Structures are given as structure tokens and as C-alpha cells.
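Residue numbers for the sequence shown follow UniProt numbering, so the first one is 1 and each next one is one higher.
We put the beta carbon where it would ideally sit given N, CA and C, even for glycine.
Please read these numbers as outputs of a predicted model, since none were measured by experiment.
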Amino acid sequence: WMIVKSNGAALTQKTETKLCLIRPDIIDVDNIMELSFPYMQPIRIELNAVDNRLSTGTLCQTKVCGDRIEGVDCGDEVAEWLSDALCINGLRLLRQKDEDQRVVRKQIENDSSIQSIALSNQAQFLLINRKSVQWLIEKVPDWNDRNQSSVDEIDFTTRLDGVVDRFRGNLIVDGPIELDEQHWNRISFDGVSLQSDGPCNRC
Numbered sequence: 001w002m003i004v005k006s007n008g009a010a011l012t013q014k015t016e017t018k019l020c021l022i023r024p025d026i027i028d029v030d031n032i033m034e035l036s037f038p039y040m041q042p043i044r045i046e047l048n049a050v051d052n053r054l055s056t057g058t059l060c061q062t063k064v065c066g067d068r069i070e071g072v073d074c075g076d077e078v079a080e081w082l083s084d085a086l087c088i089n090g091l092r093l094l095r096q097k098d099e100d101q102r103v104v105r106k107q108i109e110n111d112s113s114i115q116s117i118a119l120s121n122q123a124q125f126l127l128i129n130r131k132s133v134q135w136l137i138e139k140v141p142d143w144n145d146r147n148q149s150s151v152d153e154i155d156f157t158t159r160l161d162g163v164v165d166r167f168r169g170n171l172i173v174d175g176p177i178e179l180d181e182q183h184w185n186r187i188s189f190d191g192v193s194l195q196s197d198g199p200c201n202r203c
């Protein structure tokens with residue numbers, strides 16, 4: 001899913017910070033996606049209706065990180081809702097076609113499988129090491145005013161959490177050594193194993 005402007009370009013939080021206030025919820029039992037936004041009535045999108053548009057609706061093209069994406073417009077009702085919520089005229093909601101796949105550009109060593117990344121910038125998941133962010137804070141003079149009192153310790157923890165949030169990571173870890181994650185090839189937890197695709201270019 002992605003929101004595009006009237007010129008077909010993708011709308012992102014880089015230019016429209018209020019996007020973070022739109023909350024999508026998938027209601028499996030009803031096969032519905034519900035979008036909510038502060039002080040507005042939620043809107044529901046029937047996923048079956050969107051599936052029907054995949055074969056009958058108008059196809060739209062846009063780009064994500066230079067890759068051409070083909071999607072299906074989700075209709076006027078949700079488009080108007082988005083425009084009202086964000087106060088931007090001409091917004092449309094697109095759903096990526098199932099057969100229109102973006103894949104990881106960098107081939108992982110000893111892995112011949114094709115890894116889909118949908119509409120993400122570089123990978124499906126972004127891992128952030130809190131120890132590395134703490135190291136970064138201590139390298140920036142304007143951020144490094146940490147004292148030893150308990151109050152300042154609490155303030156530093158709050159500041160650390162805020163900087164961690166700026167990276168918008170999916171997976172946040174407390175690694176023992178700063179920047180150690182740059183050398184990790186794979187992480188495993190709760191029976192799930194994830195292969196590293198390398199450092200994030202955006203970060």
C-alpha cells in the first residue's frame with residue numbers, strides 16, 4: 001500500500017510528517033482494512049473490493065527508490081478521506097499488484113533465493129542497536145551533556161529513546177558493543193532466523 005500525490009509521486013514522512021498519525025488496522029474476520037486519524041471518523045476498505053479492482057480497475061504507476069511500481073487505485077472514497085486528513089488535495093491510495101514484485105538488489109552470498117521487499121526502501125526490516133545510538137549521541141557535542149546524577153540518567157535514557165525512534169527501526173536490540181551489528185550475518189529469535197542484507201543506506 002502507498003499514498004501518492006496528484007502528480008503520481010509517493011507521499012512520505014520526509015515531506016508530510018502527519019502521515020505517522022494514520023493508523024492502519026487489518027480486521028481479518030471481516031477482510032477489511034480500517035484507517036484511523038485523530039478527530040476523524042475511521043474509514044474501512046473492503047479487501048475483496050480491492051482484489052476485484054486488481055483485475056478491473058485502472059492501473060497506476062509510480063516509483064519507489066527509482067523502481068517503477070504498478071498498483072491499483074483503491075477508489076474515490078478513501079482518496080477523499082486521505083486528502084481531508086492530511087489537508088492535501090489529490091491524494092490517492094494504491095495497492096501494489098501481487099505480480100509486481102520489488103526484490104533486494106544486493107544478492108546475499110550463498111543465497112540464490114529472490115527476496116521481495118514490497119514497497120520498503122531497502123529491506124523489510126531495519127535493526128537498530130541502542131548501544132550504537134548511545135555511541136552516536138556521545139560523538140555529537142550538542143547531545144553529549146550527560147551528567148552522573150540519577151535525574152540526568154533518566155533524561156539521557158529519554159533522549160536515547162528519542163534518537164532511537166528517529167531511525168524508525170522495526171527491530172530494536174541492546175547489543176553489548178557499539179556498531180557490532182555491522183558484522184552480524186544473521187540473527188535468530190523465537191524460532192525466526194533473519195539474514196542480514198548489510199548496512200542501511202538511509203541511516
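Can you tell me the Cα-Cα spacing of residue i and residue j, whole angstroms?
i: Q182; j: L91; result: 38 Å
i: N201; j: E46; result: 36 Å
i: D174; j: R159; result: 16 Å
i: V151; j: T157; result: Low confidence applies here, because V151 scores a pLDDT of 45, under 50, leaving its location unreliable and the question unanswered by this model.
i: E178; j: K14; result: 27 Å
i: D190; j: R23; result: 27 Å
i: I137; j: K131; result: 10 Å
i: N185; j: L194; result: 9 Å
i: D142; j: T12; result: 28 Å
i: D165; j: L126; result: 12 Å
i: G75; j: Q41; result: 18 Å
i: V38; j: G8; result: What sits at residue 38 in the sequence shown is Pro, not Val. So the alpha carbons of these two residues sit roughly 26 Å apart.
i: I43; j: K139; result: 45 Å
i: G169; j: C87; result: 28 Å
i: W1; j: I32; result: 14 Å
i: D25; j: V163; result: 27 Å
i: D155; j: E34; result: 37 Å
i: A79; j: D28; result: 22 Å
i: K48; j: S36; result: Reading off the sequence, residue 48 comes out as Asn, not Lys. Distance between the alpha carbons of N48 and S36 is about 20 Å.
i: E77; j: D30; result: 19 Å
i: A10; j: P176; result: 38 Å
i: D161; j: D73; result: 37 Å
Between the options, which has its C-alpha nearest residue i's C-alpha?
i: L19; options: R186, I128, L82; result: L82
i: I3; options: P24, L93, I43, N129; result: L93
i: Q96; options: L136, N31, G71, P38; result: G71
i: I128; options: Q134, I172, A85, L21; result: I172
i: D180; options: R166, Q134, N89; result: Q134
i: P199; options: F167, S193, P176; result: F167
i: S196; options: A123, N48, A79; result: A123
i: A85; options: T17, D73, D30; result: T17
Any C-beta of chain D sitting closer than 9 Å to the C-beta of residue i?
i: S188; result: Of the protein chains in the structure, only one exists, and it is not chain D.
By the DSSP assignment, the alpha helix (DSSP H) with residue i in it spans what residues?
i: E77; result: 76-86
Sort out for me which residues DSSP pairs residue i with in a bridge.
i: M33; result: I26, I45
i: residue 204; result: Outside the shown range of the chain, which is 1 to 203, sits residue 204, and nothing can be said about it.
i: A123; result: Beta-bridge pairing links A123 to no other residue.
i: D73; result: L94
i: A10; result: V4
By the DSSP assignment, the beta strand (DSSP E) with residue i in it spans what residues?
i: R95; result: 92-96
i: R186; result: 186-189
i: V140; result: Counting along the chain, V140 falls outside any beta strand (DSSP E), and DSSP gives it neither H nor E.
i: S193; result: 192-195
i: M2; result: 2-4
For my contact list, residue i and residue j are in at a C-beta cut-off of 8 Å; report their separation, rounded to the angstrom.
i: S188; j: N89; result: With 8 Å as the limit, S188 and N89 do not qualify as a contact, their Cβ atoms being about 47 Å apart.
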